[in-house]
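With positions in the sequence shown counted from 1, the corresponding number in this note's numbering is that position plus 665.
Where is the CB? At the ideal position from N, CA and C, for every residue including glycine.
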Amino acid sequence: MNGEILRRLSVITPEERDILNGRREVDRGLYMDGSRDVISGDKLLEPGKLITIRPHTRFIAFPEHTHDYVEMVYMCRGETRHTVNGNAIALREGELLMLGQNARQSIAAAGEGDVAVNFIVRPSFFTGTLPFLGEEETPLRRFILSCLSGETEAGYLLFHVADILPIQNLVENMLFTLLEDTPNVRGIHQMTMGLLLVQLMNHTETLEFETAEQNLIVTVLRYIEENYRDGSLTEIARRTHYDLAALSRLIKRKTGQGYTRLLQQKRLSQAAWLLKNTEMNVDDVARRVGYENISYFHRLFAAAYGKSPKKYRDDK
Numbered sequence: 666m667n668g669e670i671l672r673r674l675s676v677i678t679p680e681e682r683d684i685l686n687g688r689r690e691v692d693r694g695l696y697m698d699g700s701r702d703v704i705s706g707d708k709l710l711e712p713g714k715l716i717t718i719r720p721h722t723r724f725i726a727f728p729e730h731t732h733d734y735v736e737m738v739y740m741c742r743g744e745t746r747h748t749v750n751g752n753a754i755a756l757r758e759g760e761l762l763m764l765g766q767n768a769r770q771s772i773a774a775a776g777e778g779d780v781a782v783n784f785i786v787r788p789s790f791f792t793g794t795l796p797f798l799g800e801e802e803t804p805l806r807r808f809i810l811s812c813l814s815g816e817t818e819a820g821y822l823l824f825h826v827a828d829i830l831p832i833q834n835l836v837e838n839m840l841f842t843l844l845e846d847t848p849n850v851r852g853i854h855q856m857t858m859g860l861l862l863v864q865l866m867n868h869t870e871t872l873e874f875e876t877a878e879q880n881l882i883v884t885v886l887r888y889i890e891e892n893y894r895d896g897s898l899t900e901i902a903r904r905t906h907y908d909l910a911a912l913s914r915l916i917k918r919k920t921g922q923g924y925t926r927l928l929q930q931k932r933l934s935q936a937a938w939l940l941k942n943t944e945m946n947v948d949d950v951a952r953r954v955g956y957e958n959i960s961y962f963h964r965l966f967a968a969a970y971g972k973s974p975k976k977y978r979d980d981k
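And the structure:
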């Protein structure tokens, strides 16, 4: 990490000075309204702002709490230990922890060398990142975004990305612009966050969910991304050592759609991308995404996009 950024984030804050001088409990007035154990975005964000950062307060344990915003914790140096919905998490240097609004979190006391930064993000902020994610709508992308925006039951997403340089660079860029607090740069922040989300979704192999079921769903969706032409649920069940019928029911329960429908959505979104961005003829597009029955492809595409593949290309 850039030395100047790390130096600024490592400075002992007035709150930390009070703790070092003997304060034994977190000052609830800095974070919460009344007796509720909910950290309030209104306490941490200036009016009208959708995102900000603050260094994690060291030298004291944080009792269990929730947030009324989406929190991203990035470990700049050292390690912090969290308990989220009863799960113990060791967040190590270069790793990124994203917490949904309903996640119940407590944090062990950190030492002076344990430098973490909290991104405080209104859920509406993510709406502005969508244009930077590209046109293709896929089941995997939709699932990850719903977790980040708090629309699903996922309590947290833990990304083990310390060795992935593009992600580290994007986080550092966000830290720099937010530390500088330059006015009227919301678009820059949303663009950088959009690029960060693209990179994270390209590295879902680094992703750890709260439950084994959620991890399994991402494995399924990643398999569809990579094998949409000829993938099969039977093959996923074999790879994951999961009963075929049970896996089918789990996919339906967690995503709201069956495997065949998810596969179809990925195939059609890829076809739409090819029609918009290549000169490949329509029949070849159909075969490229896994449809040998061309007339069937035309019917599916028209039902999904409200127009024929040719009309869709002509309207681009």
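Check, Outcome
"Where aspartate 895 and alanine 902 are concerned, what is the direct C-alpha to C-alpha distance, given to the nearest angstrom?", "15 Å"
"Cutting at 6 Å between CB atoms, please list the residues of its own chain near alanine 726, excluding the five before and the five after it.", "Ala773 and Ala774"
"Thinking C-alpha only, which one of Phe791, Lys708 and Ser934 is nearest leucine 1019?", "The chain is shown only over 666 to 981; residue 1019 falls outside these bounds and no answer can be derived."
"If you draw a straight line from the alpha carbon of methionine 839 to that of methionine 945, how long is it in whole angstroms?", "39 Å"
"When burial is assigned at 16 or more other CB atoms within 10 Å of the CB, is alanine 951 buried or exposed?", "buried"
"From threonine 920 to valine 676, what does the alpha carbon distance come to, in whole angstroms?", "44 Å"
"Quick check: the Cα distance between alanine 967 and valine 863, rounded to an integer number of angstroms?", "28 Å"
"Terminal residues of the continuous beta strand (DSSP E) containing isoleucine 684?", "Run containing isoleucine 684: none in the beta strand (DSSP E); it sits in the alpha helix (DSSP H), 679 to 685."
"For isoleucine 704, which of helix, strand or coil comes out of DSSP?", "strand"
"Can the beta-carbon of valine 826 be found closer than 8 Å to that of leucine 674?", "no"
"Classify asparagine 783: buried if its beta carbon has 16 or more other beta carbons within 10 angstroms, exposed otherwise.", "buried"
"Span of the alpha helix (DSSP H) holding leucine 715?", "That residue, leucine 715, is in no alpha helix (DSSP H); it is neither H nor E in DSSP."
"For a quick check, are the C-beta atoms of tyrosine 734 and arginine 787 less than 8 Å apart?", "yes"
"Need the endpoints of the beta strand (DSSP E) that threonine 731 sits in, please.", "727 to 732"
"Would a C-beta distance cut-off of 8 Å place asparagine 867 and glutamate 873 closer than the cut-off?", "no"
"From what residue to what residue does the beta strand (DSSP E) around methionine 666 run?", "Per DSSP, methionine 666 belongs to no beta strand (DSSP E) and is neither H nor E."
"Could you tell me which residues DSSP pairs with glutamine 770 in its beta bridges?", "His730 and Val749"
"At which residues does the beta strand (DSSP E) containing arginine 742 begin and terminate?", "735 to 742"
"In whole angstroms, what separates the C-alpha of aspartate 707 from that of methionine 697?", "9 Å"
"Going by beta-carbon coordinates alone, are glutamate 760 and leucine 823 separated by less than 8 Å?", "yes"
"Compare the C-beta of histidine 747 with all C-beta atoms of chain D and state if any pair is closer than 8 Å.", "Chain labels in this structure do not include chain D; a single protein chain is all it has."
"Checking 8 Å against the spacing of the C-beta atoms, do valine 954 and arginine 932 come in under that value?", "yes"
"Take the Cβ of glutamate 669 as the centre, count every other Cβ of all protein chains shown within 10 Å, and call the residue buried at 16 or more, exposed below.", "exposed"
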